[in-house]
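*Asks:*
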Amino acid sequence: MQQQTETLKNVSISPKLVRDLRERVIEFLLFLAAFSSVATTIAIIVLLIYESVEFFGKVSLKEFLTDTQWSPLFADAHYGILPLVSGTLVTTAIALLVSVPMGTITAMYLSEFANPRLREVVKPFLELLAGIPTVVYGYFALLFVTPLLQTVLPDLPGFNMLSAGLVMGIMILPLVSSISEDAMRSVPLHIREGSYAMGATRLQTAWRVVYPSAISGIFAAYILGISRAVGETMIVAIAAGLQPNLTWNPMDEAATITAYIVQVSLGDLPHGSLEYQTIFAAGLTLVLMTLVFNIIGYFLSKRYREIY
Numbered sequence: 001m002q003q004q005t006e007t008l009k010n011v012s013i014s015p016k017l018v019r020d021l022r023e024r025v026i027e028f029l030l031f032l033a034a035f036s037s038v039a040t041t042i043a044i045i046v047l048l049i050y051e052s053v054e055f056f057g058k059v060s061l062k063e064f065l066t067d068t069q070w071s072p073l074f075a076d077a078h079y080g081i082l083p084l085v086s087g088t089l090v091t092t093a094i095a096l097l098v099s100v101p102m103g104t105i106t107a108m109y110l111s112e113f114a115n116p117r118l119r120e121v122v123k124p125f126l127e128l129l130a131g132i133p134t135v136v137y138g139y140f141a142l143l144f145v146t147p148l149l150q151t152v153l154p155d156l157p158g159f160n161m162l163s164a165g166l167v168m169g170i171m172i173l174p175l176v177s178s179i180s181e182d183a184m185r186s187v188p189l190h191i192r193e194g195s196y197a198m199g200a201t202r203l204q205t206a207w208r209v210v211y212p213s214a215i216s217g218i219f220a221a222y223i224l225g226i227s228r229a230v231g232e233t234m235i236v237a238i239a240a241g242l243q244p245n246l247t248w249n250p251m252d253e254a255a256t257i258t259a260y261i262v263q264v265s266l267g268d269l270p271h272g273s274l275e276y277q278t279i280f281a282a283g284l285t286l287v288l289m290t291l292v293f294n295i296i297g298y299f300l301s302k303r304y305r306e307i308y
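Read in order, the letters of the sequence shown are residues 1 to 308 in the UniProt record's numbering.
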């Protein structure tokens, strides 16, 4: 009996082996979680490229990039992506004109001027804007912002890119301000103290010292805001309209890439038809635009990154 007990003790699993096994399992699960996001991205890109190759087998790339009309659902079909690109860029530019200055100023105030108690109250209310459904923002732009703008601009049509862009800027404001504030608060305290020791005011320190020191993180916030605005769907579909026009006037009606994708996806077009494949070509264009913005943001962040 004693010999059997000693044998069981010898073959028992050591605590170190159990710990190593648990760590390997956890490491494998974390790898799966990280790989799933990468695999999903790759699958989306492969799907877009596969469907787009079939589309470009029937429509020339030159026509797609240079034609100034986009009417693939009509008898006289045109497949120029420029009207959708112009609508996307105009609404994104208006959104950035709202969110970048307001988000930067808000982040600077919360980081450098607000007391901790006020910051704890204001920041959750600000981030609450990010939780509002975009369809609510869309009807807010259509039923409130547009009539308000029409009191100042009587010729403004009911569907326009101006109101859609303004509301998009409000929507991405929490994203820009929150990330920018985190970047500013990560600046070491001794840098601020050195500025104060030189006789600078709090405003001069915030604008001329803290802001440049946190510029890489702030650039990242701006790029994320651009990507969020470029990919917005419901606000532009409701407030900007669904009519693709090649125009750079924000007071005109226009369609964006995302709005067109929604319009076609909800229709009755047969799968595999040329009209149906246009959404994949438009989606690939949108992905490439977002990729370009992210690459620019990466190099800007790398160029101005500060290491403390």
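C-beta atoms are modelled at their ideal positions from N, C-alpha and C, and glycine is treated no differently.
#1: Going by DSSP, name the residue or residues bridged to residue 345.
#2: How long is the line joining the alpha carbons of Leu291 and Phe64, rounded to whole angstroms?
#3: Any chance the region 200-218 sits against the region 227-239, with 3 or more Cβ pairs inside 8 Å?
#4: Among residues of its own chain, excluding the 5 on either side of Thr247, which ones have a beta-carbon nearer than 7 Å to its beta-carbon?
#5: Should Phe31 be flagged as near chain C, meaning a C-beta pair shorter than 8 Å?
#6: Which whole-angstrom value is the C-beta distance of Ser99 and Ala281, which I expect to be below 8 Å?
#7: So, under 8 Å CB-CB, Met171 and Tyr137 are touching, yes? Tell me the CB distance rounded to an integer number of Å.
#8: Reducing DSSP to helix, strand and coil, say where Glu27 ends up.
#9: What is the rounded straight-line gap between the Cα of Leu8 and the Cα of Ser14?
#10: Any idea if Val176 is buried or exposed, counting beta-carbon neighbours within 10 angstroms, 16 or more meaning buried?
#11: For Tyr182 and Leu126, I'd like the C-alpha separation in whole angstroms.
#12: On a CA-only basis, which of Gln150, Gly131, Pro157, Val145 is nearest residue 313? Give me that one, please.
#13: Can you name, in chain order, every residue of its own chain whose Cβ lies under 6 Å from the Cβ of Leu274, other than the five neighbours on each side?
#14: So Tyr139 is in the alpha helix (DSSP H); what residue range does that whole segment cover?
#15: For Phe125, which of helix, strand or coil comes out of DSSP?
#16: How would you call Val167, buried or exposed, if buried means at least 16 neighbouring beta carbons within 10 angstroms?
#17: For the alpha helix (DSSP H) holding His190, just list the boundary residues, first then last.
#18: Taking C-beta to C-beta, are Ser195 and Ala214 nearer than 8 Å?
#19: Could you give the distance in angstroms between the alpha-carbon of Asp67 and the alpha-carbon of Ile81?
#20: Mapping DSSP to helix, strand and coil, what is Gly87?
#21: So, helix, strand or coil for Gly231, using DSSP?
#22: Ordered along the chain, which non-local residues of its own chain (more than five positions away) have a Cβ less than 7 Å from that of Leu242?
#23: What is the DSSP secondary structure of Asn294, reduced to helix, strand or coil?
#24: Distance, Cα to Cα, Glu23 vs Ile42?
#25: Can you tell me which of Ile179, Leu118, Ile279 puts its alpha carbon nearest to the alpha carbon of Ala107?
#26: Do you know how far the Cα of Thr278 is from the Cα of Ile49?
#27: Which word fits Asp252, buried or exposed, when buried means at least 16 other C-beta atoms lie within 10 angstroms of its C-beta?
#28: Would you report the Cα separation of Ile94 and Ile257, rounded to the nearest angstrom?
#29: Pick out whichever of Gly297, Pro250, Ser301, Arg303 has its Cα sitting closest to the Cα of Thr88.
#30: Report all residues from its chain with a CB closer than 7 Å to the CB of Lys123; omit the five preceding and five following residues, and keep chain order.
*Replies:* With the given structure in hand:
#1: In this structure the chain extends from 1 to 308, so residue 345 is not present and cannot be described.
#2: 19 Å
#3: no
#4: Ser86, Ala254
#5: Structure shown: chain C not included; a single protein chain is present.
#6: About 29 Å separates the two Cβ atoms, so there is no contact after all.
#7: Your pair Met171 and Tyr137 checks out as a contact, with CB atoms roughly 5 Å apart and the cut at 8 Å.
#8: helix
#9: Note that Leu8 scores 46 on pLDDT, short of 50, meaning its location in the model is unreliable; the coordinates nonetheless yield the value given after this. Taking the straight line joining both Cα atoms gives about 12 Å.
#10: buried
#11: Per the sequence shown, residue 182 should be read as Asp rather than Tyr. When the Cα atoms are used, Asp182 and Leu126 turn out to be separated by approximately 14 Å.
#12: Nothing in the structure corresponds to residue 313, since the chain is present only between 1 and 308.
#13: Taken in chain order, the residues that qualify are Lys58.
#14: 134-140
#15: helix
#16: buried
#17: 189-197
#18: no
#19: 7 Å
#20: helix
#21: DSSP places Gly231 in coil when its eight states are reduced to three.
#22: Ala255, Ala259, Gln263
#23: helix
#24: 28 Å
#25: The option with the nearest alpha carbon to Ala107 is Ile179.
#26: 12 Å
#27: buried
#28: 16 Å
#29: Pro250
#30: Leu110
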